[in-house]
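**Student:** The sequence shown lines up with residues 1042 to 1165 when you count with the numbering used here.
We put the CB at the ideal spot given by N, CA and C, even for glycine.
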Amino acid sequence: MNIENAQVQMRKGILEFCILHIISRGEVYASDMLDELTSARIMVVEGTLYPLLTRLKNSGWLDYKWVESSSGPPRKYYVLTDEGKIFLDAMQATWFELAESVQTVIHRTEELSKTASTNLPDPN
């Protein structure tokens, strides 16, 4: 596996969490989600977003409503359901726990690396 594949897999793992967070703020249009994810450097395309939104809706975590637009066809705005809010809260708790665990491992690695470099024999 190359680095690009590893990065894609890591991003896919948090995409659902980020989407639910964006929607938790209130009604949101899919293109606005794409814009925010892109500005946060979480690269996602419509071909990834729309199937994920459908899956989240089918799971009962999202709903949507159609809103008439003066500049074109009606727009679909997504909202979290009550179940979705509970699911997001559980995901957030897991995220904080996981982030803390990963930081612990990274800090320990850094500490051990510093200790190892200071314990190297003097080449002179």
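1. Taking 8 Å as the cut-off, decide whether the C-beta atoms of L1103 and V1085 are in contact.
2. Output yes if chain B places a C-beta closer than 8 Å to the C-beta of S1080; else output no.
3. So, helix, strand or coil for V1143, using DSSP?
4. Considering only their Cβ atoms, is the gap separating L1061 from M1132 smaller than 8 Å?
5. Could you say which of A1071, A1134, V1049 lies nearest to R1082 if we only look at CA atoms?
6. How big is the Cα-Cα spacing for V1143 and E1045?
7. Can you tell me where the beta strand (DSSP E) with S1177 in it begins and where it stops?
8. Tell whether a beta-carbon distance below 8 Å holds between P1115 and E1109.
9. Do you know how far the Cα of I1063 is from the Cα of M1074?
10. Taking buried to mean at least 16 other C-beta atoms within 10 Å of its own C-beta, is F1137 buried or exposed?
11. Is DSSP giving S1110 helix, strand or coil here?
12. Would you mind sorting L1129 into buried or exposed? The rule is 16 or more other CB atoms within 10 Å of its CB.
**Tutor:** According to the structure data:
1. no
2. Any reference to chain B falls outside this structure, which holds one protein chain only.
3. helix
4. yes
5. V1049
6. 20 Å
7. As shown, the chain starts at 1042 and ends at 1165. That puts residue 1177 outside it, with no answer to give.
8. yes
9. 7 Å
10. exposed
11. strand
12. buried
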